[in-house]
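J.:
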Amino acid sequence: MMKSLLSATCLATVLLTAAPMLATAQAEVVYNRGNDTDPTTLDHHKTSTIPEANLMRDLYEGLVVPNAKAEVVPGVAESWEISQDGLTYTFKLRNDAKWSNGDPVTAGDFVFAYQRIQDPKTAAPYANMLYPIVNAEAINKGEKQAADLGAKAIDDHTLEIKLNAPTPYFLQLLTHQASFPLHQKSVEQFGDQYTRPGNMVSNGAYMLEAFTPNDKIVMRKNPNFHDAANVKIDVVNYIPFEERATCLRRFEAGEVLSCSDIDNAQMDYMKEKLGDQLHIAPYLGSYYLPVKVKKEKLADPRVRQALSMAIDRDFLAKEIWRESMLPGYSIVPPGIDNYPDPVFLPYKDKDILDREDEAKKLLEEAGVKEGSLTVELRHNTGENHKNTMTAVADMLKNIGVNATIVEMEGTGYFDYMKNDGDFDLTRAGWIGDYSDPQNFLFLFESANLGFNYPRWSNADYDKLMAEAATTTDLAARSKILRQAEELFLKEVPAIPILYYSSTALVSPKLKGWEDNIMNQHATRWLSVEN
Amino acid sequence: MTDHILTEQPQAEALAVTAGRSLWQDAWLRLRRNRAAVASALVLLLLALAGIVGPSLVPHRYDQIFPQYVRVPASLEAYPREDRIIPDFQRSLDRARITIGEVELDGSTIRAPISDDEALDPRITRYVDRSDLFDNSRLEDADGNALSEGATSGVMVADVQRLRFLFGTDANGRDLLARVLIGIRISLAIGLLASFMALALGVTYGAVAGYLGGRIDNVMMRVVDVLYSLPFIFFVILLVVFFGRSFVLIFIAIGFTEWLDMARIARGQTLTIKRQEYVQAAEAMGVSSAGILKRHIIPNTLGPVVVFVTLLVPKAILLESLLSFLGLGVQEPLTSLGLLIAEGASNMRGAIWLLLYPAVTLTVILFALNFLGDGLRDALDPKER
Amino acid sequence: MFTYVLRRLLGAVPTMFVIVTIAFFMIRLAPGGPFDLERPLDPLIMQNLERAYNFDKPLWQQYFIYLGNLAQGDLGPSFTRRDFSVVDLFRVGLPVSIQIGSLSMLIALIVGTVLGALAALRQNSWVDYMVVGTATFGITIPTFVIAPLLSLLFGVLMGWLPAGGWGTWKHMILPVVTLSLPQIAVVARLTRGATIEALRSNHVRTARAYGLPTRVVVGVHALRAAMLPVVSYLGPAAASLLTGSVVVETIFGIPGIGRYFVQGALGRDYTLVMGTVVVIALFVIVFNLIVDILYAWLDPRVRYD
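Chains as they are written, first to last, in my numbering: chain A, 125 to 654; chain B, 1350 to 1734; chain C, 2 to 306.
#1: Within 10 angstroms of its Cβ, does Ala-1368(B) collect 16 or more other Cβ (buried), or is it exposed?
#2: Less than 8 Å between the CB atoms is what I'm expecting for Glu-531(A) and Thr-505(A), so what's the real figure, rounded?
#3: Look at Ala-189(C) and Pro-230(C) and say whether their C-beta atoms are less than 8 Å apart.
#4: Between Ser-203(A) and Lys-216(A), is the Cβ-Cβ spacing less than 8 Å?
#5: Check whether the Cβ atoms of Pro-176(C) and Phe-262(C) lie closer than 8 Å to each other.
#6: On a Cα-Cα basis, can you pick out the residue from Leu-183(A), Pro-620(A), Ser-172(A) and Met-642(A) that is closest to Val-342(A)?
#7: Have a look at Thr-230(A) and Asp-280(A) and give me their C-alpha separation to the nearest angstrom.
#8: Name, in chain order, the residues that DSSP records as bridge partners for Met-331(A).
#9: Can you tell me the Cα-Cα spacing of Leu-1683(B) and Asp-639(A), whole angstroms?
#10: Which bits of chain C does Ser-1670(B) rub up against, with CB to CB less than 7 Å?
#11: Please report whether the beta-carbon of Thr-505(A) lies at a distance below 8 Å from any beta-carbon of chain B.
#12: Kindly list, in the order they appear in chain C, the residues whose Cβ is closer than 8 Å to that of Lys-245(A).
#13: Are there three or more Cβ pairs, one per stretch, closer than 8 Å when the segment 606–621 of chain A is compared with the segment 357–367 of chain A?
#14: Using the C-alpha atoms, what's the distance from Leu-1526(B) back to Met-145(A)?
#15: Quick check: is the beta carbon of Ile-1690(B) nearer than 8 Å to any beta carbon in chain C?
#16: Short of 8 Å in beta carbon distance, which residues of its chain neighbour Pro-115(A), apart from the five on each side in sequence? Order them along the chain.
#17: Is the beta carbon of Gln-1417(B) closer than 8 Å to that of Asp-1484(B)?
#18: Within the continuous alpha helix (DSSP H) that includes Trp-580(A), where are the two ends?
#19: Are the beta-carbon atoms of Ile-281(C) and Val-1575(B) separated by less than 8 Å?
#20: Counting C-beta neighbours from all protein chains within 10 Å, is the total for Trp-167(C) 16 or more, i.e. buried, or is it exposed?
#21: By DSSP's criteria, Asp-1455(B) is part of a beta bridge. Which residues make up the other side?
#22: Whole angstroms is fine: what's the gap from Asn-643(A)'s alpha carbon to Ser-626(A)'s?
#23: Evaluate Glu-1362(B) with the Cβ neighbour count: other Cβ atoms within 10 Å of its Cβ, from every protein chain shown; 16 or more gives buried, anything less gives exposed.
#24: Less than 8 Å between the CB atoms is what I'm expecting for Phe-538(A) and Leu-38(C), so what's the real figure, rounded?
#25: Going straight from the alpha carbon of Ser-581(A) to that of Lys-416(A), what length do you get?
#26: Check Thr-370(A) in the structure and name its three-state DSSP category.
#27: Taking only the alpha-carbon atoms, compute the straight-line gap between Asp-1455(B) and Asp-1490(B) and give it to the nearest angstrom.
#28: When the Cα atoms are used, what is the spatial distance from Val-218(C) to Asp-1524(B)?
#29: Along chain A, which residues have their Cβ under 7 Å away from the Cβ of Ser-152(C)?
#30: Any beta carbon of chain B sitting closer than 8 Å to that of Ala-147(A)?
#31: Short check: CB of Ala-618(A) to CB of Tyr-463(A), under 8 Å?
#32: Beta carbons nearer than 9 Å to chain F: which residues of the segment 152–173 of chain A have them?
#33: Check each residue of the segment 377–409 of chain A: if its Cβ is closer than 7 Å to any Cβ of chain B, include it; give the result in chain order.
#34: Rounded to whole angstroms, what is the Cα-Cα separation between Ser-202(C) and Leu-1642(B)?
#35: What's the C-alpha gap between Phe-375(A) and Ala-441(A)?
#36: Relative to chain C, which residues along the segment 1561–1590 of chain B have a C-beta separation below 8 Å, given in chain order?
In structure tokens:
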């Protein structure tokens, strides 16, 4: 009796307290936002993936920020000056920038963060994003002290950054999470626990409220944010969806308002049923097939070119990827900044049958008899990768090249690539971190062992890349980079086959979502209407 | 009539009649009387046949790609659909960069007058032949004779190729019927081989442990306990990671995780049999342990073990499908029913046939195996009826 | 009884030790490590990371460090979810998995036995055929087909229940149904078989001969005997149900621990995998013990020894 009485009173109090809470809950605008996966960590110095970048963009504000169209606009910095030689940036920080606990955001917070990311002990995967800053690389390698970094706080509201070379994309780098500030006091107080809800102090439009792994990350509007008046959504729930199909179902059921990616297998259905809720936009990304150039059978560029010619990119884009990719004929995707005159493979517009004839001729010239060449197509686990390789194998048959397919489980695959695995052709994809051709062409510099899967080494190419790095004049620089890509496309150490598109599902209730080439959609620009 | 009399006979008499039959003959008779089990056995036999010879009987190879027929729905009617023929023909000719007149479709022959500023290259027929919709394309003059060399105009004639995709095609444009057939082959093979492996390993291990008894038995069963507590997926993921995804590996992995139950059953049986007089007699006569195991113990554990195997085969097939769902299935272009279903499940909307046909096939197989298993159990162990 | 349980639990310690050892070295021998991502790390950064997590020490030394921590209940930090320790992850995920798992078990047990008993009582009637047919069907359809179908049907098309996610009791219904369907099927089949056998046994016949009503005969005598195979089946099944299902958790987006196993193994999150192995092994051992105790209670012929 006692027990049931007790629970009855408990229930009553719950109901009483719940009633006013419900009223406020109704007024609250909640946005359930699909994300690709959970983050490895919320310590932005240790992040590297796109879903992590999505989270960080809401939690923190850099010196400059991407607006809804991904154009660079002032963030914590209200204005900046660039010296004549392009080597010194002086940022004037806004007075009303505040951390979520009310502390002002100072130039020192940026210096602290930039020194921490270069600290070898932090082991930040994206430390190299800030290598353009004087001494950054040396500090990261443990050769210099943190204090030597070329980023200095002149006063609380003035930040001076010195660069090694004029870097035309530097402002864009500052929109990346590697360039976000950190709240020194809380980081030092909590150590590696500073990312926990309750400990974390952030300066973006949102602050961390809860993090349940595999369930959701809850962020609440930061009342101290300088532009809080214009932030329309009160709570964002970031929900990880490893299964894209699951996101689609919850989207259709109205449980999430956007999905960060789609399930290609259901493209026909979505096109028919969802109409303009399905967003497919050009993206800064390339999908290509690295060729192990060291192998004797693949050493001749003519052989590689022949393989490239025989691949029907239109079929791959249209039938295999259901138009969520575009046919690709270059490694630098179109629409990128600082690259007015892009270059493509010469047979881009030729009919596939003519290309096959040409390919057969090339193989003959290279001394490869029909049917004598067998290549292995390797890929990491993934339905679309599998289908792509299956289709490519069939296309190679048309020029008398046999192909077998080998699928590898993800981590084992990346380990294999890292250790210069013995593949023939494999697959790789790259999404640009900033909109500049350098961010794609650097993948194949001979010293870049991490990304240069083919282990292609070309002195002329390296020389062109080095030259571009020190060229201030944008037009001249773009010409040099173009030369480099031309050389690359002549040698095809990696066969470009597709350009990525960014794909998303966006509910009509969600306003302010603008498709952009960086696929950046900070929640502060969005609003929810019922 | 005779059946009726037989079942009505008093027990003692029935025993007398069957006294001359061995356990196996007896079981066989009982099994034959179980209609569900017989039907299941027949279905399985048919499906196994379909898996073995089917892939070479159907008109399309399981790895053959039809680029023009990606994801076409299942249909009894032959492809192409009428409204696609003329536009596709035109598109093919457009690629040859020649002037095209009016396209005419007459039954299964399609023709179009063509002309060019230069002499027509006879090789342009390949533009038409490349399409999955047409074959036997040729250049003719107005009278239907082969076009003479150097002519600048003529008629392009081609036969419309009628292809049937009874189960539709997959995301790469491969005939799903051919893929289901090869899937049956692989799935049944994995199920049988894995079960056989579990059987061999488990029965030997269990029988040895049970027969030797004492401390050795204790240690051996403790090993089984330990392995039992190690999760299955752990093994398999690691095996696939180590050795890649070959067909052999997958059945080994499954067999290797499924022999534990078998070992327990075999050990239990052995413990019972060991106390029988004939075993003790053999021991007294100085037959070696290995001899006794081979001659008496293992054959006599087979009853319950065979029943267990019929339940193990479906289990192995389902485990393989779980692996496929996790992306650890057999290597392309081979496929298994589990892999097909996993692919189908992700295409559930928009291409339901990709899920439907493999799923129905798998269900039929598993149903048949289950009924056969029940029948076998009843037949081998009359008590259980 | 108490000493028996104690003895069994003590006996589990060496078993656990062997399991931990096997699992530790197996996962460590797999190619690749937790920091091998699609975007390769600079070798220098890789070194820094490896030092931070003791990977630079010899393997045997790491093994003893791990054993030492394990003995104190510390399962280590997670490598793929670096804001959490493995214990943190289980603290959040295990209750979720246990809730869903125990509910499905309960449902499977109740529905399965009732269906099985009904089928046995009406052997060879249409009820029997329906039950056997449905049960076989339930076993043959993989969960990764049932789960999206249910979500689609009740979540998207009808809109009665959430299509996925976690939070209220409504979120539990579809995952629990998905998980319990195949279990219901097995339990029903087992119960049916055992009940038929029990109904023919001498003590049930005697009870009937004494004129006890069928309800009582079946309820008390037959079902009690029929529970034996069900219990021995449900022991290991419960261990795997309560530790979560990869498929159901992924498809419905549930924050249980079932996913950690696959996520951990594929991502080479060594500590997370080890933690999962330890938890699963513990569950298996405990449930085997429970089965043995229940067995003795249900069947007086069985003694602890």
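Beta carbons are placed, not taken as given, at the ideal position from N, Cα and C, and that holds for glycine.
T.: On the basis of the supplied data:
#1: Only weak support exists for where Ala-1368(B) lies, its pLDDT of 47 falling under 50; the value from the coordinates is given anyway. Exposed, by the Cβ-count rule.
#2: Rounded, the Cβ-Cβ distance is 6 Å, consistent with contact.
#3: Note that the C-beta distance between Ala-189(C) and Pro-230(C) is not below 8 Å.
#4: Yes, these two residues count as a Cβ contact at 8 Å.
#5: No Cβ-Cβ contact shorter than 8 Å links Pro-176(C) with Phe-262(C).
#6: Considering only alpha carbons, the answer is Leu-183(A).
#7: It is roughly 5 Å from the alpha-carbon of Thr-230(A) to the alpha-carbon of Asp-280(A).
#8: Arg-344(A).
#9: Answer to the nearest angstrom: the Cα atoms are 40 Å apart.
#10: Those within 7 Å of Ser-1670(B) in chain C are Pro-143.
#11: Chain B contact via Cβ: present.
#12: Going along chain C in sequence order, the residues near Lys-245(A) (Cβ under 8 Å) are Asn-49 and Ala-53.
#13: Output reads no: the segment 357–367 of chain A does not touch the segment 606–621 of chain A.
#14: In this predicted model, Met-145(A) has a pLDDT of only 44, less than 50, meaning its place in the structure is not dependable; the value taken from the coordinates is given anyway. Cα to Cα, Met-145(A) sits roughly 59 Å from Leu-1526(B).
#15: Cβ-Cβ to chain C under 8 Å: yes for Ile-1690(B).
#16: Since the first residue of chain A shown is 125 and the last is 654, residue 115(A) is not available in this structure.
#17: No, the pair does not count as a contact, with Cβ atoms beyond the cut-off.
#18: For Trp-580(A), no alpha helix (DSSP H) segment is defined, and its DSSP state is neither H nor E.
#19: Using a Cβ distance threshold of 8 Å, Ile-281(C) and Val-1575(B) do not count as a contacting pair.
#20: Classification of Trp-167(C): buried, given that the 10 Å Cβ count is 16 or more.
#21: Answer by DSSP bridge pairing, in chain order: Thr-1458(B).
#22: Taken atom to atom, the span from the alpha-carbon of Asn-643(A) to that of Ser-626(A) is near 6 Å.
#23: The pLDDT assigned to Glu-1362(B) is 42, lower than 50, so where the model puts this residue is not dependable, and the model offers no usable value.
#24: About 6 Å; that satisfies the 8 Å criterion.
#25: Between the alpha carbons of Ser-581(A) and Lys-416(A) lies a gap of roughly 11 Å.
#26: In the structure shown, Thr-370(A) sits in a helix (DSSP, three-state: H, G or I).
#27: Straight-line spacing of the CA atoms in Asp-1455(B) and Asp-1490(B) works out to 17 Å.
#28: Spanning the alpha carbons of Val-218(C) and Asp-1524(B) requires a straight line of approximately 57 Å.
#29: Going along chain A in sequence order, the residues near Ser-152(C) (Cβ under 7 Å) are Arg-373.
#30: In this prediction, Ala-147(A) scores a pLDDT of 44, lower than 50, which makes its location untrustworthy; no coordinate-derived value is stated.
#31: The Cβ atoms of Ala-618(A) and Tyr-463(A) do not sit closer than 8 Å to each other.
#32: The chain labelled as chain F is not found among the protein chains of the depicted structure, namely A, B and C.
#33: Within the segment 377–409 of chain A, the residues whose Cβ lies closer than 7 Å to some Cβ of chain B are Asp-387, Ala-389, Gln-390, Asp-392 and Tyr-393, listed in chain order.
#34: Cα to Cα, Ser-202(C) sits roughly 33 Å from Leu-1642(B).
#35: Each residue's Cα considered, the two are about 25 Å apart.
#36: Listed by position, the residues of the segment 1561–1590 of chain B near chain C (Cβ gap below 8 Å) are Arg-1571, Asp-1574, Val-1575, Tyr-1577, Ser-1578, Leu-1579, Pro-1580, Ile-1582, Phe-1583, Ile-1586, Leu-1587 and Val-1590.
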